[in-house]
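> In the order they appear, the protein sequences are chains A and B. Offset between the first sequence (1-based) and the working numbering: plus 283. Offset between the second sequence (1-based) and the working numbering: plus 520. Ideal placement from N, C-alpha and C gives every residue a C-beta, glycine not left out. None of these values were measured; they are calculated from a predicted model.
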Amino acid sequence: AQTVTQSQPEMSVQEAETVTLSCTYDTSESNYYLFWYKQPPSRQMILVIRQEAYKQQNATENRFSVNFQKAAKSFSLKISDSQLGDTAMYFCAFSPKASGTYKYIFGTGTRLKVLA
Amino acid sequence: DTGVSQDPRHKITKRGQNVTFRCDPISEHNRLYWYRQTLGQGPEFLTYFQNEAQLEKSRLLSDRFSAERPKGSFSTLEIQRTEQGDSAMYLCASSLAGANYGYTFGSGTRLTVV
C-alpha cells in the first residue's frame, strides 16, 4: 500500500526565519507526482509546490522549495523568510501516475505557526 | 470564474437523515474529485469523475454514498441514512485532464451528524 508520513504534527518558526517540514512516502511505483498543499485556518486548501518524480531538479516557488530524495523516498518543504501568512496546516501528497486517476494519498499534516 | 464552489458550507443533521452536497468545479476542468477529511487527518479519496463518467470509487464509499455529475458540470454527493461516523469535512476539487498539475479545492462542506 502507498503511504505518506509526516512525522511532525506541529512546528513553529519565528517570522523571517527558515523552517523545513518533513515528508516521507512509500511506493513501489517509479513515476509519480508529489505535492505540498497549505490549508489556512477555515480556508480552502491551496497548492504550494509540485514535483514530478522523473525530474531530478528540486522544484522552487518563490520562498518555497523542496528537497526531493527519490531513493530515500523523502520530500521535504523548506519555507524561507517565513511570514505570518504562512501559518497553516501543510499536507504532503503523493499521486501515482500509472492509474491515470491522479488521486492523492495525503499525509496527516503538519501544523505550522509563524511567530511574530 | 470564482474557483470551486461547495454548498452548503455547514450541515447539521440528525442520524438517519439523508443529506446532499453540491460542488461546482471550475468550468474548464473536466476532472472532479471528492475527498473526506476527518479531524486531525489528511483528506482521503472518495471518488473521481472525468466529465460525467464516475471512473473510480474508494472502498470508503459505502452503499449509503452516491455521487453524480450530470452532463459533466456540477456534482452532487448524497449520503443516505447518515451515521455519526459520517461527520467530517467533505472536500471537492477539480483539475484539467492531461498532466497532473494539481487540484483546485473548494472550501468544503462540514457535516455534523447528531
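1) Measure from the alpha carbon of A/N341 to the alpha carbon of each residue in A/F347, A/I332, A/F351, then state which is nearest.
2) Between A/V287 and A/I362, is the Cβ-Cβ spacing less than 7 Å?
3) Does the beta carbon of B/E548 sit closer than 7 Å to a beta carbon anywhere in chain C?
4) Please compile the residues from chain A whose C-beta is within a distance smaller than 9 Å of the C-beta of B/G592.
5) Could you check if A/L398 is buried or exposed, using at least 16 other CB atoms within 10 Å of its CB as the buried criterion?
6) Classify B/T522 as buried or exposed, calling it buried when 16 or more other Cβ atoms lie within 10 Å of its own Cβ.
7) Answer with yes or no whether the minimum CB distance from A/G392 to chain B is below 7 Å.
8) Count the other CB atoms, across all protein chains shown, that sit within 10 Å of the CB of B/L581; report buried if there are 16 or more and exposed otherwise.
9) Using a Cβ-Cβ cut-off of 7 Å (strictly less than) and excluding sequence neighbours within five positions of B/Y610, which residues of its own chain qualify?
10) Buried or exposed: where does A/T343 fall if 16 or more other Cβ atoms within 10 Å of its Cβ makes it buried?
11) List, from N- to C-terminal side, the alpha helix (DSSP H) runs of 4 residues or more that fit wholly inside the region 285-363 of chain A.
12) Hey, how far is the Cα of B/N469 from the Cα of B/C543?
13) What residues of chain A sit near B/S627, judged by a beta carbon separation below 8 Å?
14) Of the residues that make up the region 556-569 of chain B, which ones have a beta carbon closer than 8 Å to any beta carbon in chain A?
15) Enumerate in chain order the residues of its own chain whose CB-to-CB distance from B/K591 is below 7 Å, with the five nearest sequence positions on each side excluded.
16) Would you list, in chain order, the members of the region 346-359 of chain A that have their beta-carbon closer than 8 Å to a beta-carbon of chain B?
17) Among all the DSSP beta bridges, which residues are the ones paired with A/V397?
Reading it off the structure:
1) A/F351
2) no
3) The structure shown contains no chain C; its protein chains are A and B.
4) Residues of chain A passing the Cβ test: none, with the nearest at roughly 16 Å.
5) exposed
6) exposed
7) yes
8) buried
9) F541, W554, R556, L597, G628, T629, L631
10) exposed
11) none
12) Outside the shown range of chain B, which is 521 to 634, sits residue 469 of chain B, and nothing can be said about it.
13) R326, Q327
14) G560, Q561, G562, P563, E564, F565, Y568
15) E572
16) none
17) A/V296
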